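Novice: So that we are looking at the same thing, I have put the structure below in structure tokens.
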Amino acid sequence: MAVTKVVMPKLSEAMETGKIIRWIKKEGDRIQGGDILAEVETDKADVEMEAFGAGVLRKILVPAGEHAPVGALIGVIAEPGEDIASVLSSAPAPSAAPAAADPAAPAVAQPAAAGKMADRPPTVPPQPTSEGHAARQPSPATGPAAPAQHAPAAATAPAAIESRRAERAAAPVAAPSGGRVKASPLAKKIAAQSGVDLKVIHGSGPGGRIIRRDVEAAATAQPVTAPAPVTAGGPEFEDVPLSQMRAIIAKRMPLSKAPVPHFYVTSEVDMDRAWVLREELNALEGQPKLSPNDLVIRACALALMRHPGVNASFQGESIRVHRRAHIGIAVALDEGLITPVLRDGHAKSLAQIAVEARDLAERARARKLRANEMSGATFSISNLGMFDVAAFSAIINPPEGAILAVGSIRRVPVVDGDAVTVGRRMALTISCDHRVMDGAMAARFMQEVKRLLEEPLRLLV
Amino acid sequence: MATHKADVAIVGTGPGGYVAAIRCAQLGLSVIAVEDDRPGGVCLNWGCIPTKSLLRNAEVVHLVERAADFGITVGEVRADYAAAVKRSRGVADRMAKGVEFLFRKNKVTLLAGRGVLKTPTTVEVTGPAGVDTIEARAVILATGSEPKSLPGIAIDEERVLSSNGAVRQERRPASLVVIGAGAVGVEFADVYRAYGTEVTILEALPRLVPVEDEEVSAFLARIFGRRGITVKTGVKVNGVSPGGAGVVVETDAGKFEAEQVLMAVGRGARVKDVGLQAIGVAMERGFVRVSTKMETSVKGVYAVGDMARPPLLAHKAMAEGVVAAETIAGRDPRPIDYGNVPSCTYCRPQIASIGLSEARARENGRDVTIGKFPFTANGKAVALGETDGFVKVVADKATGEILGVHIVGPEATEMIHEFAVGRTLEATLEEIIHTIHAHPTLSEASLEATLAALGQAIHI
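Going line by line, the protein sequences match chains D and G. The numbering of the first sequence is our numbering, which starts it at 3 and goes up by one. The numbering of the second sequence is our numbering, which starts it at 2 and goes up by one.
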């Protein structure tokens, strides 16, 4: 029998520490591979952490409510008679893990674990599987914790001065690799034939199971492992009870506003025709209901294809012009906001966008997004229309080059010939990175968005 | 005149209505169900259930007739058709009582009378005791369907029967013309033929059971022919008039005389006098238009079962009843996958299918592989002495997706569910062949047909 270490999984690319919200299993409980052990709060989402070994949960090292750095031992699964003393001796003292004054503290407080981790490349642990993606960041695809979890687990096994059990501890880790993607047999076959990576697909079947239509949708919009927004420095926690999300927003926004020279261009869009079109489309049986924002997403995605200069990132020595429009959609949450990414918006119909955007927003609110669904946007949209907002401007989310702020569709007096009538108008304000583009380029892009929305049949073709 | 209040009012207690009522009650809603006949609707009282009883009789008659094949000598065989109908009434009665029991158990109030929608939240019930009113937060309409006829041909249930009349009448005609070769037509043809009636089936389309796979139709035509049932396909009926032995059916292929005619040309949604028009419920091709949550165009008014949309099948109605009930209770039920509703016909040999026919799959541009396995090569079928039929699997060549399955033969209607579950789970041919099937069973024919689709059949 093997001793299985339970370590804090790395659930997103920016994740450095995670907080145990609660343990679902308690010490003494019998565990099977795939059982949900605990819920973990990361900077972006609450995720369930699955067990990958079988046995009894012998020890919980990091109690609920406390933090632990990625890769740190937080529990031990073993058979009842098994000696776990040597494993425990490598564990961090539980009191060292929680929020300390300095973000570096958790690592410093555990010289053994920290020292071992420093021996390796920091964020990309080797993955001892036969699948050939050893160098890639583990992407949480199923019950989000699963594939992501065994990578760091495997990584700690050789690191933690294990003697006779080292090789056996690794065994249960390697076994389930690749088998955890919950997908129907047909979905797996279509994925294999069309070269779609199941790990980056969200399943719409029962319990998040990936079914045929998910793969077919993904096959038409090949997912990419987009460059992750790189952030520097640890979060400033102090003793202030910041939520993880608040912390990351607080950390990232100044990194945008200060170094990125913003400029703003505002347009007013006549939404009368778009409004009518949307109502007609929404009256169609069997069609997903469109929100005004879906129209804006589609318009932006199309306009970005025509004005790729706006769909661009500043790279220091160069400007990266994106060929695909991955649209970040800001979703307001009680404790902050989150920007899930609708990939390949330019290649998707309004109906697809409507379905996908709603799904992303719902899961964002439920904090059930995958890490890969929160990164890789090339352009973002923030819509405060539902709050009766005339107009506002947004802060760019680097490395994106621009963000569009969408106001309410308001009924306002408009001049029609010599008469004043009532029309629907919407203010759009784009914030642009002046290092990437200039005012005229942004204005042309805005003209295109305006034209698409004012002649909304163009959104259908 | 009393006014009742409930969370949900349900008009009609056939399979769609009674299942919706029970599910609503399970979810904590108060329910009043309105019925002008016995609970259970056409299915339990006049359709599925009593006809299965009659078909079982036909099967027993057939089995006794070939007792000699099993080395059993029987004396003179007398099959009393009136007794078969009486037995079927007993079966129907028992099932209807079962629904009444389930209503009591789940505290569903049953209100006798005819329900008409007055407003989206009001149902007026005209019953034996007068007119009552139900005020409800939501209304589920489940009024079902009724037999259709051809233009100019009146169903009198004397000479020209519908299934309603045929299932009730205790006398058996010496000769019968069945117009329409769908499930109802071939099932009654089977029953009457077993009891000795001269049966002629007329079908306007080119084959028997036209919604089934072509090979199934051809096979059934062969078996029916062997049993002395006359089958005329591609025949257009122009009229029915009294004469000869009872009626004369005029067609573009000549005249057919018989004692009675059974109209089995299909069923139409029962949507008149329900109050749909008054409150503006939208229709679609003769059916009530519904959303994937079974809601009509009027908020809070739901429709399920035969009145809502095809296919007109009790099991589809039940599934819709659950969806409507769960929606009203604030749940988010999975919409029904109408492409995965099994279709079953209980003549002998039985027919069951799910998904696409071979021809339809090809029309859809699928590159298909076909696997077929006859029951003559299945040990259990041979032991039973029931070797007529086959299992046919239609699959996508590239992925092994199970596009359709067509079974004709013994217990076909039980066997189809292996593939129904498989398709729900998006299993492919591989998952079926890696599932060990017990030996000896009829289901091994399903395994072998699946193997055959991959070119790997063992027993043929």
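Using N, Cα and C, we set each Cβ at its ideal position, and we do this for glycine too. For clarity, every value in this text was computed on a predicted model and none was experimentally measured.
Going by DSSP in three states, V192 (chain G) sits in which element: helix, strand or coil?
Specialist: Along the second sequence, one-based indexing puts residue 192 (chain G) at 191. Helix.
Novice: In the DSSP assignment, the alpha helix (DSSP H) including E125 (chain G) goes from what residue to what residue?
Specialist: The residue given as residue 125 (chain G) occupies position 124 in the second sequence. Per DSSP, E125 (chain G) belongs to no alpha helix (DSSP H); it is in the beta strand (DSSP E), T123 to G128.
Novice: Any beta-carbon of chain D closer than 7 Å to the one on E427 (chain G)?
Specialist: Taking the second sequence and counting its residues from 1, the one referred to as residue 427 (chain G) is at position 426. E427 (chain G) counts as touching chain D.
Novice: Might you give, ordered along the chain, the residues of its own chain that have their beta carbon closer than 6 Å to the beta carbon of D274 (chain D), omitting 5 neighbours on each side?
Specialist: Within the first sequence, the letter at position 272 stands for residue 274 (chain D). Result list for D274 (chain D): G425 and R426, in chain order.
Novice: Determine which residues share a DSSP beta bridge with W25 (chain D) and list them.
Specialist: Residue numbering aside, residue 25 (chain D) sits at position 23 when the first sequence is read from its first letter. D:A40, per the DSSP bridge assignment.
Novice: Could you run through the region 372–403 of chain G and flag, in chain order, every residue whose CB is less than 8 Å away from some CB of chain D?
Specialist: A399, T400, G401 and E402
Novice: Any Cβ of chain D within less than 7 Å of the Cβ of E321 (chain G)?
Specialist: Here residue 321 (chain G) is taken as the residue at index 320 of the second sequence, counted from 1. At a cut-off of 7 Å between C-beta atoms, E321 (chain G) does not count as an interface residue with respect to chain D.
Novice: Are the beta-carbon atoms belonging to D307 (chain G) and A270 (chain G) less than 7 Å from one another?
Specialist: By 1-based counting over the second sequence, the position of residue 307 (chain G) is 306. By 1-based counting over the second sequence, the position of residue 270 (chain G) is 269. Their beta carbons are under 7 Å apart, which means D307 (chain G) touches A270 (chain G) by this criterion.
Novice: For T333 (chain G) versus R367 (chain G), is the C-beta distance shorter than 7 Å?
Specialist: Locating residue 333 (chain G) in the second sequence gives position 332, where the first residue counts as 1. Locating residue 367 (chain G) in the second sequence gives position 366, where the first residue counts as 1. Note that residue 333 (chain G) is Asp in the sequence shown, not Thr. Their beta carbons are not under 7 Å apart, which means D333 (chain G) does not touch R367 (chain G) by this criterion.
Novice: Work out the CA separation of R460 (chain D) and A445 (chain D) for me, nearest whole Å.
Specialist: Taking the first residue of the first sequence as position 1, residue 445 (chain D) is located at position 443. Taking the first residue of the first sequence as position 1, residue 460 (chain D) is located at position 458. Taking the straight line joining both Cα atoms gives about 19 Å.
Novice: One question on the structure: do V43 (chain G) and G15 (chain G) come within less than 7 Å of each other, judged by their Cβ atoms?
Specialist: The sequence position of residue 43 (chain G) within the second sequence is 42, counting from 1. The sequence position of residue 15 (chain G) within the second sequence is 14, counting from 1. For V43 (chain G) and G15 (chain G), yes; Cβs fall inside 7 Å.
Novice: Could you check the C-alpha separation between F187 (chain D) and N385 (chain D) for me, to the nearest Å?
Specialist: Taking the first sequence and counting its residues from 1, one reaches residue 187 (chain D) at position 185. Taking the first sequence and counting its residues from 1, one reaches residue 385 (chain D) at position 383. It is worth fixing the name first, because residue 187 (chain D) is Pro in this sequence and not Phe. Going by the C-alpha atoms only, they are around 39 Å apart.
Novice: Here's a check: name, in chain order, each residue in its chain whose Cβ is nearer than 6 Å to the Cβ of A222 (chain G), leaving out the five neighbours to either side.
Specialist: Sequence index remark: in the second sequence, residue 222 (chain G) carries index 221 (1-based). Around A222 (chain G): L209 and V232.
Novice: With 7 Å as the C-beta to C-beta threshold (strictly closer), list the residues of the region 181–201 of chain D near chain G in chain order.
Specialist: S186, P187, L188, A189, K191, I192 and Q195
Novice: So, helix, strand or coil for K337 (chain D), using DSSP?
Specialist: As a working mapping, residue 337 (chain D) is identified with position 335 in the first sequence. One detail in the question is off: residue 337 (chain D) reads as Glu in this sequence, not Lys. Three-state DSSP puts E337 (chain D) in coil, outside helix and strand.
Novice: Could you run through the region 210–223 of chain D and flag, in chain order, every residue whose CB is less than 8 Å away from some CB of chain G?
Specialist: I213 and R214
Novice: Use the C-beta contact count for A260 (chain D): other C-beta atoms within 10 angstroms, 16 or more gives buried, fewer gives exposed.
Specialist: Within the first sequence, the letter at position 258 stands for residue 260 (chain D). Exposed: under 16 other Cβ atoms inside 10 Å.
Novice: I329 (chain D) and A303 (chain D) look like a contact to me (Cβ under 8 Å); what is the Cβ gap, rounded to whole Å?
Specialist: Translated into positions along the first sequence, residue 329 (chain D) becomes position 327. Translated into positions along the first sequence, residue 303 (chain D) becomes position 301. About 6 Å separates the beta carbons of I329 (chain D) and A303 (chain D), which is inside the 8 Å limit, making them a contact pair.
Novice: I think K27 (chain D) touches L63 (chain D), with their Cβ atoms under 8 Å apart; what is that distance to the nearest whole Å?
Specialist: Residue 27 (chain D) sits at position 25 when you count from the first residue of the first sequence. Residue 63 (chain D) sits at position 61 when you count from the first residue of the first sequence. For a cut-off of 8 Å, the C-beta gap from K27 (chain D) to L63 (chain D) is around 14 Å, too long to register as a contact.
Novice: Look up R347 (chain G) in the DSSP assignment and give the residues it is bridged to.
Specialist: Counting from one through the second sequence, the residue named residue 347 (chain G) turns up at place 346. Per the sequence shown, residue 347 (chain G) should be read as Tyr rather than Arg. The partner list for Y347 (chain G) (beta bridge, DSSP) is empty, contrary to what the question assumes.
Novice: Suppose contacts are defined by Cβ-Cβ distances below 7 Å. Is V109 (chain G) in contact with A22 (chain G) by that definition?
Specialist: If you number the second sequence from 1, residue 109 (chain G) lands on position 108. If you number the second sequence from 1, residue 22 (chain G) lands on position 21. A22 (chain G) sits close to V109 (chain G), with the two beta carbons spaced by under 7 Å.
Novice: For the alpha helix (DSSP H) that D296 (chain D) lies in, which residues bound it at each end?
Specialist: Here residue 296 (chain D) refers to the residue found at position 294 when the first sequence is read from its first residue. Unbroken alpha helix (DSSP H) run through D296 (chain D): P294 to R308.
Novice: Do you know offhand how far V5 (chain D)'s Cα is from G30 (chain D)'s?
Specialist: In the first sequence, residue 5 (chain D) corresponds to position 3, counting from 1. In the first sequence, residue 30 (chain D) corresponds to position 28, counting from 1. The alpha-carbon atoms of V5 (chain D) and G30 (chain D) are separated by roughly 14 Å.
Novice: Considering only residues of the same chain and omitting the five flanking positions on each side of P310 (chain D), which have a CB-CB separation below 8 Å?
Specialist: Counting from one through the first sequence, the residue named residue 310 (chain D) turns up at place 308. The answer, listed in chain order, is V323, H324 and R325.
Novice: May I have the straight-line CA-CA distance separating A373 (chain D) from P342 (chain D), to the nearest angstrom?
Specialist: What you label residue 373 (chain D) is simply residue 371 of the first sequence in a count that begins at 1. What you label residue 342 (chain D) is simply residue 340 of the first sequence in a count that begins at 1. So the two alpha carbons sit approximately 9 Å from each other.
Novice: Counting C-beta neighbours from all protein chains within 10 Å, is the total for A246 (chain G) 16 or more, i.e. buried, or is it exposed?
Specialist: Translated into positions along the second sequence, residue 246 (chain G) becomes position 245. Exposed.
Novice: Rounding to the nearest angstrom, what Cα-Cα distance links L448 (chain G) and E204 (chain G) in this structure?
Specialist: By one-based count along the second sequence, residue 448 (chain G) stands at place 447. By one-based count along the second sequence, residue 204 (chain G) stands at place 203. Taking the straight line joining both Cα atoms gives about 34 Å.
Novice: What residues from chain D crowd round E364 (chain G), counting only those whose CB sits closer than 8 Å?
Specialist: On the second sequence, position 363 is the one that residue 364 (chain G) refers to. Per Cβ cutoff of 8 Å: no residues; E364 (chain G) is ~20 Å from chain D at best.
Novice: Is the shortest distance between the beta-carbon of E419 (chain G) and the beta-carbons of chain D less than 7 Å?
Specialist: Your numbering for residue 419 (chain G) matches position 418 in the second sequence. So no, E419 (chain G) is outside the interface.
Novice: May I ask you to list, following chain order, the residues of the region 274–288 of chain D that have a beta carbon less than 9 Å from some beta carbon of chain G?
Specialist: Taking 9 Å as the upper bound on Cβ-Cβ separation, chain G lies near residues E287 and G288 of the region 274–288 of chain D.
Novice: Where does F71 (chain G) land, buried or exposed, given buried means 16+ other C-beta within 10 angstroms?
Specialist: For the purposes of this step, residue 71 (chain G) is taken as the residue at position 70 of the second sequence. F71 (chain G) comes out exposed.
Novice: Could you work out which residue in G:V323, G:I280, G:A318 and G:H440 is closest to V302 (chain G) when comparing CA atoms only?
Specialist: The count along the second sequence starts at 1 and reaches residue 302 (chain G) at position 301. Of the candidates G:V323, G:I280, G:A318 and G:H440, the one whose C-alpha sits nearest the C-alpha of V302 (chain G) is G:I280.
Novice: Going by C-alpha to C-alpha distance, which of G:V299, G:P375 and G:A59 sits closest to Q278 (chain G)?
Specialist: On the second sequence, residue 278 (chain G) is found 277 positions in, with the first residue counted as 1. In this structure, G:V299 is the residue among G:V299, G:P375 and G:A59 with its C-alpha nearest to the C-alpha of Q278 (chain G).
Novice: Specify, as a first and last residue, the run of the beta strand (DSSP E) that P71 (chain D) falls within.
Specialist: Reading the first sequence from its first residue, position 69 is the one you call residue 71 (chain D). First-last of the beta strand (DSSP E) with P71 (chain D): H69 to P71.
Novice: Please report how far the alpha carbon of A2 (chain D) lies from the alpha carbon of V78 (chain D), in whole angstroms.
Specialist: This structure does not reach residue 2 (chain D), given that chain D is present from 3 up to 463, and the question cannot be answered.
Novice: Rounded to the nearest angstrom, what separates L39 (chain D) and R24 (chain D) at their Cα positions?
Specialist: Indexing the first sequence from 1 puts residue 39 (chain D) at position 37. Indexing the first sequence from 1 puts residue 24 (chain D) at position 22. Looking at the two C-alpha atoms, the distance is approximately 9 Å.
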